[in-house]
Structures are given as C-alpha cells and as structure tokens.
Amino acid sequence: SHERMTSLGRDDKRVFFLICRLPAIFFKFQFRNVEYSSGRNKTFLCYVLETQGKESATSRGYLEDEHAAAHAEIAFFNTILPKCDSSSRYNITWYVSSSPCVACADRITETLRKNKNLRLTIMVGRLFMWEEPEMQAALKKMKAAGCKLRIMKPQDFEYVWQNFVEQEEGQEAKAFVPWEDIQENFQYYEEKLAEILH
Numbered sequence: 001s002h003e004r005m006t007s008l009g010r011d012d013k014r015v016f017f018l019i020c021r022l023p024a025i026f027f028k029f030q031f032r033n034v035e036y037s038s039g040r041n042k043t044f045l046c047y048v049l050e051t052q053g054k055e056s057a058t059s060r061g062y063l064e065d066e067h068a069a070a071h072a073e074i075a076f077f078n079t080i081l082p083k084c085d086s087s088s089r090y091n092i093t094w095y096v097s098s099s100p101c102v103a104c105a106d107r108i109t110e111t112l113r114k115n116k117n118l119r120l121t122i123m124v125g126r127l128f129m130w131e132e133p134e135m136q137a138a139l140k141k142m143k144a145a146g147c148k149l150r151i152m153k154p155q156d157f158e159y160v161w162q163n164f165v166e167q168e169e170g171q172e173a174k175a176f177v178p179w180e181d182i183q184e185n186f187q188y189y190e191e192k193l194a195e196i197l198h
C-alpha cells in the first residue's frame with residue numbers, strides 16, 4: 001500500500017525523492033538516539049508540510065542524503081520548497097535522525113529569514129557535533145530566525161514509526177518497540193540542547 005506523493009510535481013523527474021515510506025531497518029538504525037552515533041553518517045528527514053488558509057492541506061514524505069547528492073535538509077529546500085506558494089503560509093515539521101551540520105543550519109537560518117511565510121519545527125533524534133562552538137553558534141542562529149528545535153521524545157519516534165515507516169507487506173502493522181535507553185538518551189540530549197540554546 002505505497003502512497004506516492006502525486007500532489008507534488010507530476011512532471012518533475014525529481015519526484016523519486018519522495019519514496020513513500022522509510023524501510024524499518026533504516027529507521028531502527030539511523031533514528032536510534034544513541035550518544036555515540038558511529039556508522040550513522042546519513043541523514044533521514046521525514047516531513048509534514050501543512051498549508052494554512054482556505055485550502056488547507058497536509059502532505060508527508062521523506063528524504064535522505066544518498067539520493068540527493070546533498071544533505072537531506074538542502075534537498076528539502078531544493079525540491080519541496082519551490083513548489084510552495086509564497087502567498088500561502090506553511091507549517092513545516094521535520095523529524096530528522098540528527099541535527100543539521102553547520103552548513104545546513106546556516107541554510108535553514110537564511111531560508112527562514114527570506115521566507116516569512118514559513119514556520120519550521122525540527123524534531124531531532126540526536127545532536128550532531130554539539131560540543132563544537134561553531135555548531136552551537138549555528139543552532140543559536142537557527143533559533144533566532146524562528147526555528148523551533150526539539151529533541152524527539154519516545155512518543156515522537158512512535159509517531160514516525162506509525163506514519164513514515166514501511167510495514168512488511170501482508171503483515172499486521174507492528175507496534176513501535178522502544179529501545180533500551182530511549183528515555184535516558186532523550187533526557188541527555190534535551191539537557192545539552194537547553195544548555196546550548198539558553
């Protein structure tokens with residue numbers, strides 16, 4: 001029961017980015033909010049795009065680094081954002097495996113400053129290189145530009161599991177099974193983020 005995102009760019013060859021659902025194996029590995037993320041060097045970005053106003057609409061999809069030859073955050077700005085009407089208002093929520101790198105954070109800041117019709121909330125599984133002063137400065141700039149940055153709680157991982165992850169065909173949808181340190185790791189990253197953004 002794959003849902004293709006037909007509403008976005010019917011003639012746009014780049015629509016292959018919007019592969020319907022994220023394979024469970026990628027979700028379980030990439031989104032895991034571990035403290036040491038060795039091997040997890042790709043970003044998976046699930047998004048919810050809500051159009052405000054008379055013709056309110058919601059679309060969902062996911063992007064990953066690999067297909068895009070750019071980080072997933074930039075791929076969103078290059079492929080999804082151009083289809084947004086500058087006269088409409090949008091609430092965008094990203095569920096991302098890790099927080100953006102400095103270059104992507106700068107692009108987010110720049111995009112929000114230029115596009116006052118966008119509201120962006122980024123839910124992240126873990127923080128990327130958060131001890132680096134340059135990274136901390138970039139996250140603070142994002143906040144100043146109006147971006148809401150949040151650490152994913154166990155319920156947020158469950159939301160992604162239910163709404164974005166591919167269930168095996170012909171099988172009952174499986175319940176989300178939290179990993180062992182999910183709550184502790186959430187609290188760890190939430191503390192670190194609060195220290196950075198205070």
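Under full-length UniProt numbering, the first residue of the sequence shown carries the number 1, and numbering increases by one thereafter. Yeah, the Cβ is synthetic: ideal placement off N, Cα and C, and Gly gets one too.
In the structure shown, what three-state DSSP assignment does residue i receive?
i	result
R60	strand
V102	helix
W161	helix
K148	strand
R89	coil
M142	helix
F44	strand
M135	helix
L49	strand
Could you give the distance in angstroms between the alpha-carbon of residue i and the alpha-carbon of residue j?
i	j	result
W179	S87	43 angstroms
L139	D85	27 angstroms
Y189	L127	7 angstroms
W94	F176	19 angstroms
Relative to the alpha-carbon of residue i, which residue among the options has its alpha-carbon at the smallest distance?
i	options	result
S97	D106, V48, V124, E73	V124
K148	A194, F164, F128, L120	L120
G53	S59, F176, Y90	Y90
For residue i, does the count of other Cβ atoms within 10 angstroms reach 16, so buried, or fall short, so exposed?
i	result
Q183	exposed
E73	buried
E64	buried
N185	buried
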